[in-house]
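Here is the structure we will look at.
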Amino acid sequence: MILASEESLFRQAFAHAPFGIALFSKSNGTWHKVNPALSSLAGFEPGVLEGLTFDSIFVEDLHYIEKLIEKEFPRTVTLQLRHKQGNVIQVPASLTWLEHEGEPGILFTIQLPLTVPNGTPPLAVESTGLQQNREKILAIAQRISQSGTWSWDIPNSMLYYSDEIRRIFNYALQPVETSPEVFASLVHPDDIEHVTEAIMEVIESGKSGESTVKIVLPGAGLKVVHLIWEVTRNPEGEPAHLIGMAQDVTDHWRMEQRLREREQHYKSLFDNNPAAVYSMNLNGDYLTANANLEKITGYTLEELIGMYWGPIVHPKDLAKTQYHFGEAVKGTPQSYDLTIIHKDGHHVEINSTNIPIIVEDEIVGVFGITSDITERIRRTEQIEKLSYEHTLILNAVSEGIFGLDDGGRVILANPAGARLIGLPAAGIIGQPLASLIQETSQDGMFFAWNEMPLQKAVADQSVLLHKETVFWRKDGSSFLADYQITPLWDKGEYKGAVAVFHDITGEKEIIKAKESAEQADRAKSEFLAIMSHELRTPMNGIIGMADLLSDTELSEEQRSYTDTIMQSSDSLLHILNEILDYSKIEAGQMTLTEEEMHLPSVIGSVAELFAPKVGGKGLTLDWDMDERVSKYILGDTGRLRQILINLVGNSVKFTDEGYIRVSVSLADTPFGESKFLKFKVTDTGIGIPLEMQSRLFQSFSQLHPEINRKYGGTGLGLAICKKLVELMGGEIGAESEAGAGSVFHFTLPYRVPGRLSKPEFTKPVYVPASPEPSKKEEAFGPLSILLADDNDVNRRLLLAILRRFGYTAECAVNGREALLTAQNRHFELILMDLQMPIMDGLEATAEILKLQPEEGLYPYITAVTAFAQNKDKEMCLAAGMADFISKPVFSSEVERVLKACAERKARSLTSP
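Going by UniProt numbering, the letters in the sequence shown line up with residues 1 to 912, in that order.
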């Protein structure tokens, strides 16, 4: 039959379309029109749904639908369609705002699944009359569904594509194609065989078909489309047309892919976690779970998957659990305790954590972690009962008494104990006792967490009695106490411990001890600062002059003497730096930085540093990294390099033949991915006898006088390594055997930056440096230079270094003379000592900067000082100085300052 008008054709398309169509009235909140395909999919007879509310078909909230298309339509989403029998299925839908008779409404077009919930196939277009006008019908349906339509004239091999399908295919298809090969060329190679077979099956069987296919489009990459088609036949029964529809489902497909990928990522967490780990959909049905959920609930995984959690929860906790689960579905993580009913009927106390699963800013499920806390609660109840029965006694005594569980956490504290800690009882309960107070050793050093006698006694489940120990509270105050730790045993089972503290110091004694310690700390800091200055000043002359002497023509014997001076000076400087480093760590003033470092570069630079010494001794030095370790990590580059230099330097020092090897790997862990890196320095040196190994890592400790005489050193290197490693959150140790070499190892937290972009690093090859040619001309252009220093050796040294680069300088012997000289002549560079008579360097700098500079350019004032700590540098820069050189002065530092000054001068000459 031939349809008389497009309106009539539209009605036919609405009634017989192979997809769901519905119009929802915004004004009265009911369905205005629902076609038979969608009614059948929801399990209703045609016409029944019209006049019913929105939730008669869909699970989603209407406000959620309105918000989806508030700014963008048509909008393609996945909705949850509720069948009349109660089943819920996922359906792709296209949503569009429109007006009907002047009233706002929403047009829904629903792609039908292969089967509806009752198992019957979806509706198909059967009308012979519609078959004759299928292309017109699909064109009208296209206006409604926003899906692409296509038609294949099989006898004539002509394919017709709508504008929407051409848009979906990035216009790689023409409106009319003469061969299906153009379409086939866009199909992903993995899907071409599947699509061909599906189409041929429809042509041969006469049934409708559908398929989800990946396509590769020029300039648009990968897309995923869902295809629906069916065949029409001519009067002879031969295939005449293949008519279909395509919908872009790329976003939905990618969301499912990412969800599957995340599920794979979490698989190891699921399988290996000691807790019960599982995921649930938004309705609270279990989707996945590990074996531990079986143990806690008594149900098998087969029984759990698809089960709603409600029947497992004890009725008293059902409302609480529903509330927390609902909050997690809204996006807020939850943690709470509840009681569940084991399959065999007994009660299990658990702690449950619910975390929303978010994919593409959409909450798609809930992730859960559950631990059995039944035993912990029972132990707590037992100890709390004991506490209640003896409350009067505990409150009456003046000693601080703490009850601890088997993990060292406080489960009861009497009023005297709370006063001792300086916190209310509520703030103490549940906290590890060793985290509330810090114990000090006999030499005034704070113990590391795992070295505190109190913590070790609790961890070792042993009795401990300590006299006159200083404890520090979190507010910085301290007290002197005798204390005792006594473990609690019940029929051979460790239940916890009791800690009893007796405060034996008064307020005046505490104040006196604190002031004495602060005074001693200030005196030590002042002494170290003075010692640094006094040692570095003569060392500046020794090292600098020896460096200049080595560049002159020397006999072999003279060069040997010069090399000895240089080596001895380097050793002296190394000792001084170690003492200052150790004092900073001891005073708690050592700060760490966290930066992105290229690990191979750090290790390689250490290997390069020792290459000359290793080559001179005939040794080999190599390093390697586990391929699983990221080349880029977060940490303090300088301190890691310092640790490696100390350990590698020791190996080189104590190894006369064989090799030294540095390796990096992931630290072994029983639970999932490692969070620590393990560094190892292995050598074939003299080794360490077992009886001497306990002295390793101790301050100022040498293993034997003979070793000290032969190899030298302060005995601080390993102690500094230990302090730095612990400060960075790791541990250090060693294994060795006399005559069989040593292995020093340490761990550090493994943190990887979010973005890796730096170039790769290759192991350096050591090449001896060529002698630097003498510089007679001004290396960086003309510069007027003033040198201010009261020490004659320092002046001679700096003048000699300046001559090396082709420069001369005027000299001043104190700050006042430097100021007068700068008033009479403009200098572009001033090398300023800090400690000078009459007027020091800082005062002179302040006065010089008050002078009106020539052409607006102030002198480039550079501090040259034996005060070499960071705070000294910051003080100089704050006073207006432009740069900083610490003594002993090296040519490279002077060269750097000359270059910086010259570059600043050049910029000033070229700037407008």
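Don't be surprised by glycine CBs; every beta carbon is placed ideally from N, CA and C. These numbers were taken from a predicted model, which means no experiment stands behind them.
CA-to-CA, the gap between Ala425 and Val410 works out to about 10 Å.
With contacts defined by Cβ atoms closer than 9 Å, Val213 and Asp191 form a contacting pair. If you draw a straight line from the Cα of His347 to the Cα of Gln461, it comes to about 31 Å. Between the region 821-831 and the region 773-793 there are three or more inter-stretch CB-CB distances shorter than 8 Å, so the stretches are counted as touching. Under DSSP, Gln247 shares a beta bridge with His226. From the listed residues Ser94, Lys320, Val88, the smallest Cα separation to Thr76 is found for Ser94. Annotated three-state conformation of Asp55 is helix, per DSSP.
By the beta-carbon neighbour count (other beta carbons within 10 angstroms, threshold 16), Gly815 is buried.
Residue environment: Ala184 is assigned as exposed (fewer than 16 neighbouring CB atoms within 10 Å of its CB, all protein chains considered).
In the three-state reduction of the DSSP assignment, Ala900 falls in the helix class.
Annotation: the continuous beta strand (DSSP E) that includes Ile633 extends over 632-635.
Burial state of Met200 is exposed, judged by a 10 Å Cβ sphere holding fewer than 16 other Cβ atoms.
Just measuring C-alpha positions, the residue of Thr682, Gly717, Val277 sitting nearest Ile660 is Thr682. Non-local beta-carbon contacts of Cys901 in its own chain, meaning distances under 7 Å to residues more than five positions away in sequence, involve Leu783, Glu828, Leu829, Tyr860 in chain order. Annotated as proximal: Asn794 and Lys887, with beta-carbon spacing under 9 Å. In chain order, Ser279, Ile355, Ile357 place their CB closer than 7 Å to the CB of Phe367, counting only its own chain and leaving out the 5 sequence neighbours on each side.
Per DSSP, the unbroken alpha helix (DSSP H) holding Gln322 starts and ends at 318-330.
The beta carbons of Phe654 and Ser555 sit no closer together than 9 Å. Per DSSP, the beta-bridge partners of Glu349 are Thr339. Spatial neighbours of Ala172 in its own chain (CB-CB distance under 7 Å, excluding positions within 5 residues in sequence) are listed in chain order as Leu186, Leu217, Pro218.
The region 163-178 makes no contact with the region 254-265, as fewer than three CB pairs between them are under 8 Å. Distance between Leu49 and His32, taken at the CA atoms: about 9 Å. A check of alpha carbon separations from Val59 across Glu45, Glu70, Thr78, Gly47 identifies Thr78 as the nearest. As a beta-bridge residue in DSSP terms, Trp31 pairs with Phe24. The beta-carbon distance between Ile645 and Val606, rounded to whole angstroms, is 6 Å. This is short enough to meet the 8 Å contact definition. Around the beta carbon of Glu210, 16 or more other beta carbons sit within 10 angstroms, so the residue counts as buried. Per DSSP, the continuous beta strand (DSSP E) segment holding Leu488 begins and ends at 478-490.
Cβ-Cβ distances below 8 Å link Thr380 to Asp405, Ile411 in the same chain, with the five nearest sequence neighbours on each side left out; the list follows chain order. In the three-state reduction of the DSSP assignment, Tyr299 falls in the coil class. In the structure shown, Arg695 falls within a helical segment according to DSSP collapsed to helix, strand and coil. Its Cα nearest to that of Gly29, the residue Ile57 stands out among Ala37, Arg11, Ile57. In the DSSP assignment, Ser784 falls outside any alpha helix (DSSP H), carrying neither H nor E.
Across the set Ser371, Glu557, Met836, Ser663, the C-alpha of Ser663 shows the shortest separation from the C-alpha of Phe744. For Gln80, the uninterrupted beta strand (DSSP E) segment begins and ends at 75-82. Judged by their CB atoms, Leu696 and Ile688 are nearer to each other than the 9 Å cut-off. For the set Val889, Lys873, Ser892, Ser891, the Cα lying nearest the Cα of Asp883 is the one of Lys873.
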